[in-house]
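A.B. asks: Have a look at this one.
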Amino acid sequence: MPLWNESVHFCNWTGIVCGLRHRRVVTLNFRSCGLSGSVSPAVGNLTFLRELRLENNSFTGNIPQEVGRLSRLRILRLHNNSLSGEIPSNISRCSNLVDLYLHRNNFIGVIPNDFESLTKLQRISLMFNELTGEIPKFIGNFTSLAMLYGGYNHFQGNIPDTLGQLSNLWFFGFGVNNLSGILPPSFFNISSLTSIQLLSNQIHGNLPSDIAQRFLGLTVLNLPQNKFSGPIPLSLSNATNLEILALHENAFTGSVPGFSRLQRLTRFGVDKNQLGNGKSDNLNFVSSLSNCTNLSRLGFSSNNLGGVLPKSMFNFTLLSELVIGGNLISGDIPSEIGQLVNLERLFLSSNQFTGRIPDSIGNLENLGEMSLRENLLSGSIPSSLGNLTRLSKLYLQHNKLEGTIPSRLSNGRGLEVLDLSRNNLSGYIPKRIFGLSYLTISLKLSNNRFVGSLPTEVGVLQNLVAFDVSNNMMSGVIPFALGSCTSLVELSIAGNTIEGEIPTSFRSLKGLEVIDLSRNNLSGRIPEYLGGFVFLKTLNLSFNRFHGKLPALGAFKNASMVSISGNAKLCGGLQAFQLPKCSGDESSKNQIPLSLLITIPIVSAIFVVVLVVLLCWFCKFKKASTENTEDENFPRVSYQSLHEATDGFSSANLIGSGNFSSVYKAVLYMKNEPQVVAVKVLKLAVHGADRSFIAECEALRSTRHRNLVKVLTCCSSIDFEGNDFKALVYSYMVNGSLEDWLHQNRAVGLNFLQRLNIVIDLAGALDYIHRQCGSLMIHCDIKPSNVLLDSDLVAHLSDFGLARFVHPDSSTSHTSSLGVKGTIGYAAPEYGMGSRLSTYGDVYSFGILILELFTGNRPTDDMFSDGLSLHSFVKMAIPDQVMEITDPVLFRTREEGNMATDTRDSEMHDGIESCLTSVYGIGIACSTEIPGDRIEISNALNQLQFVKKNFS
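Under UniProt numbering, the residues of the sequence shown are numbered 1 to 952, in order.
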């Protein structure tokens with residue numbers, strides 16, 4: 001600890017308080033000091049200790065048994081660490097304990113029976129651990145107990161009836177466990193209770209009709225995701241202190257009481273019950289809420305509630321979420337809805353709304369998600385929706401909307417989902433819709449009456465996953481540009497009058513799982529490459545005019561996957577397709593013409609000459625192609641195989657290019673199975689590229705870690721022109737690089753937890769190469785473009801072209817470097833002054849990456865000039881301006897219809913600022929200017945994992 005030295009009496013050391021008479025230590029307070037390691041057993045020697053506070057650090061291991069010696073101990077706070085093992089039973093000897101805070105650790109086992117002696121306890125917090133067993137009955141003897149936290153564990157069994165003896169208990173929280181049975185009658189005798197948190201258990205039974213009289217000070221009743229039944233008690237309408245009422249996902253029946261007196265209510269949720277009977281008076285309770293002017297979330301979706309929306313509900317000017325879908329609500333959507341200017345999520349889906357979509361919805365400029373799907377809405381789509389520039393998801397499907405798509409709808413540059421399917425829309429699809437490059441999740445326009453052809457602008461949607469224009473009146477041909485949409489997983493243009501052949505650009509759509517081109521006028525041959533799409537699950541080509549021989553490879557070997565009925569001129573294929581055998585004319589097309597037979601001897605002679613020349617070239621370059629830099633651990637692949645797999649290294653397959661290499665997407669047959677890979681081809685004409693290849697082979701041949709990019713094979717050969725050729729083949733990362741997500745796919749974005757997981761993955765990879773892979777390795781080029789993301793957004797560190805091994809007893813590198821020690825903005829400042837390579841250089845780059853990842857600002861941004869850097873920019877902003885400097889895309893985390901009315905959502909929002917402050921602090925500690933002041937990567941990893949645990 002700082003300021004601890006022998007020249008100062010230990011009673012004056014930081015974090016230590018001594019008694020005035022005996023000068024013995026009575027308090028150890030080391031909270032939030034960045035400490036790690038294990039808790040020393042020597043703490044048991046401090047027998048006068050009254051307070052032991054080690055919370056908010058990174059301690060690991062078990063609680064030492066010696067803590068049981070501290071008979072005078074009153075406060076034991078070890079929360080927010082990484083402690084593990086069972087809770088020591090001899091803590092029971094600390095008979096004077098008042099506070100026992102062990103939450104947010106990794107404790108296992110049960111609450112020890114010996115704790116029965118801790119009768120002076122007033123506060124117990126055990127949440128966010130892995131504890132099991134039942135809630136002990138002896139807790140009912142802790143008559144001074146005021147707070148009991150046990151949520152987010154694995155407790156099971158019934159809630160003991162002895163809790164009814166706790167006359168001072170005001171907080172009871174055992175949410176997200178496996179508790180069952182009913183709430184014992186004695187539980188409702190605890191009149192002091194103000195907060196009841198029991199979400200996500202298996203508790204059943206009815207709530208007593210006089211619950212509000214039993215808990216006069218009740219502020220939080222949080223019981224979602226249980227099995228409660230019966231009516232919602234009418235007495236709750238008198239619980240005037242109630243702030244949160246969350247009863248969703250139970251089996252409550254009957255009507256919803258009025259709540260006109262609950263003026264403090266901020267969150268109300270009764271979603272997914274069996275409330276209402278479809279009659280017109282079912283929504284009377286909504287009018288009663290008009291006095292709840294602080295209401296921010298209102299949800300009563302998925303019930304049987306009928307009636308029309310009262311206009312009084314649109315006075316909730318602070319409302320941010322309105323989720324009422326899945327009911328029997330009828331009538332028009334009132335124009336007064338435009339008054340809810342703070343609304344961010346609006347879900348009115350699956351009801352019986354009629355009439356037009358009011359133009360006033362265009363006033364809801366904060367709206368991010370809106371669903372009006374599955375209603376009876378008619379009229380045109382209001383052009384005022386173009387005002388909703390923050391809108392990311394728009395669901396209008398399954399209505400009776402008509403007219404054209406307003407071109408202003410394309411003003412929503414952040415749109416990720418647009419679903420207008422199953423309406424009566426007509427006319428041409430505006431080209432500007434296809435120009436929405438951020439439309440990445442789905443564009444569904446099926447079952448309407450759109451005409452015209454698909455414009456070439458469709459090629460802009462390179463990141464689109466699902467595209468459906470089926471069952472319209474579209475004509476023309478499939479545009480070649482559709483082949484640029486390489487992220488497509490589902491594609492349907494069925495049920496139109498589109499003609500022509502399948503364009504050759506479809507060869508690039510290798511990620512497709514569903515292809516439906518049925519019921520059109522398509523012609524020509526069915527391309528064989530469709531069979532090689534390794535992810536394909538459904539291929540429907542039926543009822544077109546395809547002809548010729550059906551391919552027999554890949555998907556075409558599975559008749560249940562492929563549909564080709566209604567193509568009268570097809571032949572061949574598996575017997576299961578029941579196609580006629582190909583005729584002689586068809587077969588003759590595959591025979592060798594007589595003129596070709598005459599030419600064969602001549603061509604053979606030329607081939608022999610060419611072969612001799614190639615052999616000479618091979619001998620000439622043999623030494624270069626068999627250098628000891630090749631990794632004997634990697635299986636070899638030929639240049640020809642890579643040439644074919646990448647369509648001749650076509651630009652259509654190019655997914656990235658750097659100073660020393662180009663990377664191509666390819667499908668390569670490995671062990672007789674097709675596999676999507678990334679082929680990194682070295683630019684050997686560039687000075688230093690050959691040494692980059694050597695460094696990368698050396699670095700990757702002996703490393704194995706889940707967060708390092710995996711090398712599948714390599715190639716060191718000559719190309720068809722006799723030039724040196726070197727390439728490495730990696731597992732393909734479908735989600736590209738972190739650089740793309742930060743600065744290209746910003747409408748999709750990464751939320752806080754995804755970003756936190758990425759830096760934890762990256763820290764784990766660096767910790768491995770720095771300490772665990774046998775020889776100390778320094779990467780030398782940590783930056784977002786070198787962090788690749790797989791289908792689950794797990795991060796993989798790549799590009800070891802600048803990597804160096806360092807002997808433990810030396811500062812010299814094992815492999816040659818290129819002289820360059822990183823990328824401007826990310827390279828450690830000491831490298832610019834000629835300093836030797838060290839792990840601290842990687843730590844610096846990692847710290848800058850953290851700051852960039854969470855602010856969204858590059859370290860080379862123009863704003864960083866005149867002495868201002870990304871590091872100093874963040875350092876000046878914390879802790880007071882954390883939210884202002886953070887990338888706003890980071891906060892978009894929720895999905896349609898997920899009405900968050902329980903404490904988990906509250907904790908996420910209440911705690912995210914604190915978690916961001918911690919993350920920024922780690923980034924700053926990693927990127928300080930002086931190398932020795934930077935923290936070790938292992939310490940950064942521990943702290944990041946601790947932040948994740950807090951956030952969870």
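No residue lacks a Cβ here, since even glycine has one placed at the ideal position from N, Cα and C.
Quantities reported herein were computed from a predicted structural model and do not represent experimental measurements.
Mark residue 865 as exposed unless 16 or more other C-beta atoms lie within 10 angstroms of its C-beta, in which case mark it buried.
C.D. replies: Sequence index remark: in the sequence shown, residue 865 carries index 865 (1-based). By the neighbour-count rule (16 or more Cβ atoms within 10 Å), residue 865 is not buried but exposed.
A.B. asks: Can you tell which of 938, 218, 483 and 128 has the C-alpha that lies nearest to the C-alpha of residue 36?
C.D. replies: Within the sequence shown, numbered from 1, the residue matching residue 36 stands at position 36. When only C-alpha atoms are compared, the closest one is 938.
A.B. asks: Pair every Cβ in the region 850 to 862 with every Cβ in the region 830 to 840, then say whether three or more of these pairs are closer than 8 Å.
C.D. replies: no
A.B. asks: Considering only their Cβ atoms, is the gap separating residue 853 from residue 708 smaller than 8 Å?
C.D. replies: On the sequence shown, position 708 is the one that residue 708 refers to. On the sequence shown, position 853 is the one that residue 853 refers to. No; because the gap between Cβ atoms is not below 8 Å, this pair is not in contact.
A.B. asks: List the residues that DSSP assigns as beta-bridge partners of residue 101.
C.D. replies: Counting from one through the sequence shown, the residue named residue 101 turns up at place 101. Paired residues: 77 and 125.
A.B. asks: Out of 761, 768 and 143, state which residue places its alpha-carbon closest to the alpha-carbon of residue 789.
C.D. replies: On the sequence shown, position 789 is the one that residue 789 refers to. Of the candidates 761, 768 and 143, the one whose C-alpha sits nearest the C-alpha of residue 789 is 761.
A.B. asks: Please report the distance separating the alpha-carbon of residue 496 from that of residue 490.
C.D. replies: What you label residue 496 is simply residue 496 of the sequence shown in a count that begins at 1. What you label residue 490 is simply residue 490 of the sequence shown in a count that begins at 1. Between residue 496 and residue 490, the C-alpha separation is close to 17 Å.
A.B. asks: My output table needs one value for residue 538: the three-state DSSP class, helix, strand or coil.
C.D. replies: The sequence position of residue 538 within the sequence shown is 538, counting from 1. Strand, per DSSP.
A.B. asks: Once you ignore the five residues that flank residue 119 on each side, which residues in its own chain have a CB closer than 7 Å to its CB?
C.D. replies: Here residue 119 corresponds to residue number 119 of the sequence shown, with the count starting at 1. Here the set comprises 141 and 142.
A.B. asks: With a 10 Å radius around its C-beta and 16 neighbouring C-beta atoms as the bar for buried, classify residue 8 as buried or exposed.
C.D. replies: For the purposes of this step, residue 8 is identified with residue 8 of the sequence shown, where counting begins at 1. Result: exposed.
A.B. asks: Are the Cβ atoms of residue 271 and residue 220 separated by less than 8 Å?
C.D. replies: The residue given as residue 271 occupies position 271 in the sequence shown. The residue given as residue 220 occupies position 220 in the sequence shown. No, the pair does not count as a contact, with Cβ atoms beyond the cut-off.
A.B. asks: Tell me, to the nearest whole angstrom, how far the beta carbon of residue 56 is from that of residue 83; I am working on the premise that it is less than 8 Å.
C.D. replies: Residue numbering aside, residue 56 sits at position 56 when the sequence shown is read from its first letter. Residue numbering aside, residue 83 sits at position 83 when the sequence shown is read from its first letter. Rounded to whole angstroms, the Cβ separation of residue 56 and residue 83 is 13 Å, and the two are not in contact under 8 Å.
A.B. asks: Measuring CB to CB, does residue 347 end up less than 8 Å from residue 325?
C.D. replies: Against the sequence shown, residue 347 aligns to sequence position 347. Against the sequence shown, residue 325 aligns to sequence position 325. Yes, Cβ-Cβ distance for residue 347 and residue 325 is below 8 Å.
A.B. asks: I'd like the list of long-range same chain contacts for residue 249, defined as Cβ closer than 8 Å, with 5 residues on each side in sequence excluded.
C.D. replies: Counted from its first residue, the sequence shown places residue 249 at position 249. For residue 249, where only same-chain residues beyond five positions count, the Cβ hits under 8 Å are 224, 225, 226, 271, 272 and 273.
A.B. asks: Just to confirm, is the Cβ distance from residue 681 to residue 662 under 8 Å?
C.D. replies: Within the sequence shown, residue 681 is the residue found at index 681, counting from 1. Within the sequence shown, residue 662 is the residue found at index 662, counting from 1. Cβ atoms of residue 681 and residue 662: closer than 8 Å.
A.B. asks: Are three or more beta carbon pairs between the region 652 to 670 and the region 547 to 557 nearer than 8 Å?
C.D. replies: no
A.B. asks: Which term fits residue 883, buried or exposed, when burial requires 16 or more other beta carbons within 10 angstroms of its beta carbon?
C.D. replies: What you label residue 883 is simply residue 883 of the sequence shown in a count that begins at 1. Looking at its Cβ environment, which holds fewer than 16 other Cβ atoms inside 10 Å, residue 883 is exposed.
A.B. asks: Please state the DSSP three-state secondary structure of residue 308.
C.D. replies: Residue mapping note: residue 308 aligns to position 308 of the sequence shown, counting from 1. Here residue 308 sits in strand by DSSP.
A.B. asks: If we ignore side chains and look at the alpha-carbon of each, how far apart do residue 389 and residue 208 end up?
C.D. replies: On the sequence shown, residue 389 is found 389 positions in, with the first residue counted as 1. On the sequence shown, residue 208 is found 208 positions in, with the first residue counted as 1. So the two alpha carbons sit approximately 47 Å from each other.
A.B. asks: Could you tell me the alpha carbon to alpha carbon distance between residue 820 and residue 178, rounded to whole angstroms?
C.D. replies: Taking the first residue of the sequence shown as position 1, residue 820 is located at position 820. Taking the first residue of the sequence shown as position 1, residue 178 is located at position 178. With a pLDDT of 43 at residue 820, under the threshold of 50, the predicted position of this residue should be treated as unreliable, though the coordinate-derived value follows. Rounded to whole angstroms, residue 820 to residue 178 spans 57 Å at the Cα level.
A.B. asks: Any Cβ of chain C within less than 8 Å of the Cβ of residue 515?
C.D. replies: The structure shown contains no chain C; it holds only a single protein chain.
A.B. asks: In whole angstroms, what is the alpha-carbon distance linking residue 641 and residue 648?
C.D. replies: Along the sequence shown, one-based indexing puts residue 641 at 641. Along the sequence shown, one-based indexing puts residue 648 at 648. Taking the straight line from one Cα to the other gives about 10 Å.
A.B. asks: Determine the contact status of residue 327 and residue 303, defining contact as a CB-CB distance below 8 Å.
C.D. replies: Here residue 327 refers to the residue found at position 327 of the sequence shown. Here residue 303 refers to the residue found at position 303 of the sequence shown. It is a contact, given that the beta carbons lie within the stated cut-off.
A.B. asks: If you draw a straight line from the C-alpha of residue 350 to the C-alpha of residue 240, how long is it?
C.D. replies: The sequence position of residue 350 within the sequence shown is 350, counting from 1. The sequence position of residue 240 within the sequence shown is 240, counting from 1. Spanning the two alpha carbons is a distance of roughly 33 Å.
A.B. asks: Any idea which residues DSSP pairs residue 495 with across the strands?
C.D. replies: In the sequence shown, counting from the first residue as 1, residue 495 sits at position 495. Its beta-bridge partners do not exist; DSSP assigns none.
A.B. asks: In angstroms, rounded to a whole number, what distance separates the CA positions of residue 438 and residue 749?
C.D. replies: As a first step, residue 438 must be located in the sequence shown, where it is residue number 438. As a first step, residue 749 must be located in the sequence shown, where it is residue number 749. Their Cα atoms are separated by approximately 10 Å.
A.B. asks: Taking DSSP as the reference, what is the three-state secondary structure of residue 197?
C.D. replies: By one-based count along the sequence shown, residue 197 stands at place 197. Taken through DSSP and simplified to helix, strand or coil, residue 197 comes out as strand.
A.B. asks: For residue 657, tell me which candidate among 712, 583 and 736 has the shortest Cα-Cα distance.
C.D. replies: Against the sequence shown, residue 657 aligns to sequence position 657. Each of 712, 583 and 736 was checked against the Cα of residue 657, and the nearest Cα belongs to 736.
A.B. asks: Would you mind stating whether residue 108 and residue 134 have Cβ atoms separated by less than 8 Å?
C.D. replies: Position 108 of the sequence shown, counting from 1, holds the residue named residue 108. Position 134 of the sequence shown, counting from 1, holds the residue named residue 134. No, they are not a contact pair.
A.B. asks: Just the Cα atoms here: how many angstroms apart are residue 867 and residue 825?
C.D. replies: Looking up residue 867 in the sequence shown gives position 867. Looking up residue 825 in the sequence shown gives position 825. One C-alpha to the other measures close to 13 Å.
A.B. asks: Check the C-beta distance from residue 850 over to residue 780 and give it rounded, since I have them as a contact under 8 Å.
C.D. replies: Along the sequence shown, read from residue 1 onward, the residue named residue 850 stands at position 850. Along the sequence shown, read from residue 1 onward, the residue named residue 780 stands at position 780. At roughly 18 Å, the Cβ-Cβ gap does not stay under 8 Å, so residue 850 and residue 780 are not in contact.
A.B. asks: Specify the secondary structure class of residue 256 as computed by DSSP and reduced to three states.
C.D. replies: In the sequence shown, the residue the question calls residue 256 occupies position 256. In the structure shown, residue 256 sits in coil (DSSP, three-state: anything other than H, G, I, E or B).
A.B. asks: Straight-line CA distance for residue 618 to residue 714?
C.D. replies: What you label residue 618 is simply residue 618 of the sequence shown in a count that begins at 1. What you label residue 714 is simply residue 714 of the sequence shown in a count that begins at 1. A caution first: residue 618 carries a pLDDT of 48, below 50, which makes its placement in the model too unreliable to give a value.
A.B. asks: If you check the beta carbons only, do residue 199 and residue 218 fall under 8 Å apart?
C.D. replies: Taking the sequence shown and counting its residues from 1, the one referred to as residue 199 is at position 199. Taking the sequence shown and counting its residues from 1, the one referred to as residue 218 is at position 218. When the beta-carbon positions are compared, residue 199 and residue 218 stay at least 8 Å from each other.
A.B. asks: To test your reading of the DSSP string, which unbroken alpha helix (DSSP H) runs of 4 or more residues are found completely within the region 423 to 473?
C.D. replies: 431 to 434
A.B. asks: Which first and last residues belong to the beta strand (DSSP E) in which residue 417 is found?
C.D. replies: Translated into the one-based positions of the sequence shown, residue 417 becomes position 417. Its beta strand (DSSP E) spans residues 417 to 419.
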